[in-house]
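Peer 1: The sequence shown finishes on residue 249 if you use our numbering, and the numbering steps up by one all the way, no holes.
Quick one: structure below, then a few questions.
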Amino acid sequence: MLIYSMSVSVDGFINDRAGGFAWTVPEDEQFRFHVAQTRELGGYLCGRRLYETMLPWETDPSLRDNELGDAFADVWCAIPKVVFSRTLDRVQGNARLAEASVAEEVAAALAATDKDVSIGGAGLAAAAIELGLVDELRMFRNPVVVGGGTPYLPPVTEDIRLHLLETRTFGSRVIYERYRRARHQPA
């Protein structure tokens, strides 16, 4: 299953008008939940900006200064990653540059594991959503309105029907929403 999971504002943005996302930093309860979810992944496809944002978890020992940071870094480093970029000529850690189309790389990542695969970065996820490849949407809706920025979801030309599978409210008042794409059954 291909999953798209990000923190979002109430108005649906993954960062604000200036590109900031400090309001998405999870408190311990939510961070533990992230660690558990990340542990369940068999692969991760990401765009360049998300790759660069997450790279310190593989390269910066100061992020391991507490039990949660250490646990997340261990889990994140273990996941094979495919990075989509037009500007990078090499990547570090447990990553490789994408060599094929989004559809081909998604298929290869899913075939390489018996676990779920996640996709991240709004542009890359938008391409996968437009191709009908994303099976689940997972949002961590933060109690803030930012008024603009990068939208979590792309504009679509047809409705995408979803089934709500799970919700959870963390002590920080962040609301987790998990949706599965409703696939039409053949007649």
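Every residue gets a Cβ at the ideal spot worked out from N, C-alpha and C, and that includes glycine.
How about Ala-133 and Arg-126: are their beta carbons less than 7 Å apart?
Peer 2: Cβ distance not < 7 Å, so Ala-133 and Arg-126 don't count as in contact.
Peer 1: Measuring straight from C-alpha to C-alpha, what distance separates Asn-187 and Tyr-66?
Peer 2: Per the sequence presented here, residue 187 reads as Ala, with Asn not at that position. So the two alpha carbons sit approximately 7 Å from each other.
Peer 1: By how many angstroms is the C-alpha of Leu-150 removed from the C-alpha of Val-168?
Peer 2: Each residue's Cα considered, the two are about 20 Å apart.
Peer 1: Check whether the segment 208-216 touches the segment 232-247, taking contact to mean three or more Cβ pairs, one atom from each stretch, closer than 8 Å.
Peer 2: No, the segment 208-216 is not in contact with the segment 232-247.
Peer 1: Do Met-63 and Asp-178 count as a contact pair if the criterion is CB distance below 7 Å?
Peer 2: Yes. Within cutoff.
Peer 1: With DSSP as the reference, please indicate the residues paired to Pro-213 in a beta bridge.
Peer 2: According to DSSP, Pro-213 bridges with Phe-75.
Peer 1: List in chain order: all unbroken alpha helix (DSSP H) runs of 4+ residues lying wholly within the segment 147-199.
Peer 2: Listed in chain order, they are 164-173, 184-192.
Peer 1: For Asn-204, write down the residues that DSSP places opposite it in a beta bridge.
Peer 2: In the DSSP output, where bridge partners are listed per residue, Asn-204 has Ser-71.
Peer 1: Consult DSSP for Leu-117 and reduce its assignment to one of helix, strand or coil.
Peer 2: Correct three-state label for Leu-117: coil.
Peer 1: Helix, strand or coil for Ala-249 per DSSP?
Peer 2: Confidence at Ala-249 is low in this model, with a pLDDT of 47, below 50, so its placement is unreliable and the value that follows should be read with caution. In this structure, Ala-249 counts as coil in the three-state DSSP scheme.
Peer 1: With a threshold of 8 Å, are at least 3 pairs of Cβ atoms found where one atom belongs to the segment 152-159 and the other to the segment 108-120?
Peer 2: The answer is yes - the segment 108-120 touches the segment 152-159, with three or more Cβ pairs under 8 Å.
Peer 1: Determine the closest residue to Gly-104 out of Arg-235, Leu-172, Phe-95, with distance taken between C-alpha atoms.
Peer 2: Answer by Cα proximity: Leu-172.
Peer 1: Quick one: grab the DSSP three-state call for Thr-231.
Peer 2: It is a strand residue.
Peer 1: To the nearest angstrom, how far is the alpha carbon of Asp-73 from that of Gln-99?
Peer 2: Looking at the two C-alpha atoms, the distance is approximately 24 Å.
Peer 1: Between which two residues does the beta strand (DSSP E) containing Gly-104 stretch?
Peer 2: Where Gly-104 is concerned, the enclosing beta strand (DSSP E) stretches over 103-109.
Peer 1: Taking 7 Å as the threshold (C-beta atoms), are Val-145 and Arg-101 in contact?
Peer 2: For Arg-101 and Val-145, no; Cβs fall outside 7 Å.
Peer 1: Residues in its own chain within less than 8 Å of Ala-160 by CB, not counting five upstream and five downstream?
Peer 2: These residues qualify, in order along the chain: Leu-107, Val-144, Val-145, Phe-146, Ser-147, Glu-167.
Peer 1: On the three-state DSSP scale, how would you describe Val-236?
Peer 2: Val-236 falls in the coil class under three-state DSSP.
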